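Engineer: This is the structure, below, for whatever I ask next.
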Amino acid sequence: MLAGKHILLIVSGGIAAYKALELIRLLRAEGASVTCALSRAAAQFVTPLSLQALSENRVYSDLFSLTDESEMGHIQLSRAADLLVVAPASADLLARMAAGLADDLAATLLLATDKKVLVAPAMNVRMWLHPATQENMAKLVARGIAVVGPEEGPMACNEFGPGRLAEPPAILEAIRALLEKEGKLAGKHVLVTSGPTHEPIDPVRYIANRSSGRQGHAIAAALAGLGARVTLVSGPVALPDPIGVSVRKVETAEQMLAACKAALPADAAVMAAAVADWRVADVAVQKIKKGSEAKAPTLTLVPNPDILAALSEPGALRPKLVVGFAAETENVVQHAQEKRMRKGCDWIVANDVSPASGVMGGEENLVHLITAEGVEHWPRLPKTEVARRLAERIAEALL
Ligand code: CTP
Numbered sequence: 048m049l050a051g052k053h054i055l056l057i058v059s060g061g062i063a064a065y066k067a068l069e070l071i072r073l074l075r076a077e078g079a080s081v082t083c084a085l086s087r088a089a090a091q092f093v094t095p096l097s098l099q100a101l102s103e104n105r106v107y108s109d110l111f112s113l114t115d116e117s118e119m120g121h122i123q124l125s126r127a128a129d130l131l132v133v134a135p136a137s138a139d140l141l142a143r144m145a146a147g148l149a150d151d152l153a154a155t156l157l158l159a160t161d162k163k164v165l166v167a168p169a170m171n172v173r174m175w176l177h178p179a180t181q182e183n184m185a186k187l188v189a190r191g192i193a194v195v196g197p198e199e200g201p202m203a204c205n206e207f208g209p210g211r212l213a214e215p216p217a218i219l220e221a222i223r224a225l226l227e228k229e230g231k232l233a234g235k236h237v238l239v240t241s242g243p244t245h246e247p248i249d250p251v252r253y254i255a256n257r258s259s260g261r262q263g264h265a266i267a268a269a270l271a272g273l274g275a276r277v278t279l280v281s282g283p284v285a286l287p288d289p290i291g292v293s294v295r296k297v298e299t300a301e302q303m304l305a306a307c308k309a310a311l312p313a314d315a316a317v318m319a320a321a322v323a324d325w326r327v328a329d330v331a332v333q334k335i336k337k338g339s340e341a342k343a344p345t346l347t348l349v350p351n352p353d354i355l356a357a358l359s360e361p362g363a364l365r366p367k368l369v370v371g372f373a374a375e376t377e378n379v380v381q382h383a384q385e386k387r388m389r390k391g392c393d394w395i396v397a398n399d400v401s402p403a404s405g406v407m408g409g410e411e412n413l414v415h416l417i418t419a420e421g422v423e424h425w426p427r428l429p430k431t432e433v434a435r436r437l438a439e440r441i442a443e444a445l446l
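Per the working numbering, the sequence shown starts with residue 48, numbered consecutively.
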């Protein structure tokens, strides 16, 4: 799907540099051609030879190599590319980009280009959170540089937090979103919900659930990757906004419903959010004090609006295809089939969220697609791959 596209992949130093190899493989499988340029530090982590073997293209690694300059100058190198991708992008290279330095080949290529640039940062969590890096990122984003990741998780330095390089499939998705403006879903508007909702108890407390938003965000990214205009209505999540997607941030189910209605009309809607079924009837205006009484307060709950059911109601504004999710811990398919009928949606993506499945909050998902025609059992797949398959199916259904 990226046939004929040429990517200039700039690899900077860092433990995650080895993942550039997988990214090259994925890009080539999509039909893209890849030329690699290494920063000086990158060669400590990944060899030019392996990059060359996978890309089947010459690897550029030093600004002052006369043969490189005579064969293909640095200006020409970036001119030949449809997109520059920096993966991994170290704190150092991001800082040099922000400052406009040209002290090695990688930085020079990035300064000499007028092409779109995508960076995939990867570094230690403290380096990522440091105000210097955050200010550099803000500058780069303001200049129109696209960003994918970093992701949160355990890191090579035995710490936990944001700083991990986005997984190669997520980087591929971001590349698609930037390059495939004329995809199968061009001209279509798709509404996606994602994440949990937070239902306040008082000004400092709320009721929430374990949804990470990973699946919903991946679906929004995959749909954008096929060229759709995507509105993502998201509850509170710790994820970056997917590239090329309009994001509306909300907290409660009622706000989510209002944002969804405001986003209509849409050709399709995918409701992947884990919406709280109930909210507190009377939200306390002030923080509820423990006081001296031993008696715990009783919370009275009232039902929240069902957003999926509301969008599925027949009417002029009903999207042509409404897709719901069913998070189940037992009798997954049967409960999901009943849910499809009860909510009036067209498809249900049913997933097993029992603790044994390890799916909730994780990277993978095990789903069954339930339509009017029957049930498809999909294998256990990364959430990005579930998203891709679903986006392809939606594109077919909207044809
Ligand atoms: N959903 C919604 N609004 C709600 C509750 C759920 O839009 N207030 C949507 C979810 O986004 C999902 C689907 O409904 O697409 C199913 O959510 P789930 O929590 O599995 O279903 P419930 O309606 O809560 O049913 P139950 O608790 O009986 O399983």
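Where a beta carbon is used, it is the ideal one built from N, C-alpha and C, also for glycine.
The model shown is predicted, which means the values in this text are computed figures rather than measured ones.
1) List the residues that DSSP assigns as beta-bridge partners of Lys296.
2) Please go through the same chain and pick out, in chain order, the residues whose beta-carbon is closer than 6 Å to the beta-carbon of Leu428, but skip the five residues on each side of it.
3) I need the residues with a C-beta less than 5 Å from some heavy atom of the ligand CTP; please give them in chain order.
4) Go through its chain and collect everything with a Cβ distance to Ala224's Cβ below 7 Å, but skip five positions before and after it.
5) Confirm, please, whether the CB-CB distance from Val194 to Gly242 is below 8 Å.
6) Examine the Cβ distances between the region 333-351 and the region 361-370 and report whether three or more of them are shorter than 8 Å.
7) With a floor of 3 residues, list each beta strand (DSSP E) that falls wholly inside the region 385-418, ordered by position along the chain.
8) Which word fits Gln181, buried or exposed, when buried means at least 16 other C-beta atoms lie within 10 angstroms of its C-beta?
9) Just the C-alpha distance for Thr240 and Leu96, rounded to the nearest angstrom, thanks.
10) Would you kindly report the start and end of the unbroken alpha helix (DSSP H) that includes Glu420?
11) For the pair the region 244-259 and the region 306-313, tell me if three or more CB-CB distances fall below 8 Å.
12) Please report how far the alpha carbon of Ile222 lies from the alpha carbon of Ile71, in whole angstroms.
13) Could you tell me which of Val396, His424, Glu410 sits nearest to Ile441, measuring between CA atoms?
14) Please state the DSSP three-state secondary structure of Pro135.
15) Determine, using beta carbons only, whether Ser86 and Val58 come nearer to each other than 8 Å.
16) On the criterion of 16 or more Cβ atoms from any shown chain inside 10 Å, does Phe372 qualify as buried, or is it exposed?
17) Using the DSSP secondary-structure output, state which residues sit across from Thr82 in a beta bridge.
18) Compare the beta carbon distance of Ala374 and Asn412 with 8 Å and say whether it is the shorter of the two.
Structural biologist: So, from the data block:
1) As a working note, residue 296 is residue 249 in the sequence shown. In DSSP, Lys296 forms a bridge with Ser281.
2) The residue labelled residue 428 in the question sits at position 381 within the sequence shown. Nothing listed; no residue qualifies.
3) Met318, Ala320, Val322, Asp324, Asn351, Asp353, Ile354, Leu355, Gly371, Phe372, Ala373, Ala374
4) Indexing the sequence shown from 1 puts residue 224 at position 177. Same-chain partners within the cutoff: Ala268, Ala271, Gly272, Ile290, Gly291.
5) As a first step, residue 242 must be located in the sequence shown, where it is residue number 195. As a first step, residue 194 must be located in the sequence shown, where it is residue number 147. Contact: no.
6) Judged by Cβ distances under 8 Å, the region 333-351 makes no contact with the region 361-370, as fewer than three pairs qualify.
7) 394-399, 414-418
8) As a position in the sequence shown, residue 181 is number 134, starting the count at 1. Counting Cβ neighbours within 10 Å, Gln181 comes out exposed, since fewer than 16 surround it.
9) As a position in the sequence shown, residue 240 is number 193, starting the count at 1. As a position in the sequence shown, residue 96 is number 49, starting the count at 1. Taking the straight line from one Cα to the other gives about 44 Å.
10) The sequence position of residue 420 within the sequence shown is 373, counting from 1. Taken as a continuous stretch (DSSP letters only), Glu420 belongs to no alpha helix (DSSP H), as it is neither H nor E.
11) no
12) As a first step, residue 222 is located in the sequence shown; it is residue number 175 there, counting from the start. As a first step, residue 71 is located in the sequence shown; it is residue number 24 there, counting from the start. The straight-line gap from Cα to Cα measures roughly 12 Å.
13) In the sequence shown, the residue the question calls residue 441 occupies position 394. Selected option, being the one with the closest Cα: Val396.
14) Residue numbering aside, residue 135 sits at position 88 when the sequence shown is read from its first letter. Pro135 falls in the strand class under three-state DSSP.
15) Counting from one through the sequence shown, the residue named residue 86 turns up at place 39. Counting from one through the sequence shown, the residue named residue 58 turns up at place 11. Closer than 8 Å, so yes.
16) Here residue 372 corresponds to residue number 325 of the sequence shown, with the count starting at 1. The residue is buried, with at least 16 neighbouring Cβ atoms inside 10 Å.
17) By 1-based counting over the sequence shown, the position of residue 82 is 35. Per DSSP, Leu55.
18) Position 327 of the sequence shown holds residue 374. Position 365 of the sequence shown holds residue 412. Against a cut-off of 8 Å, the Cβ pair of Asn412 and Ala374 comes out as no contact.
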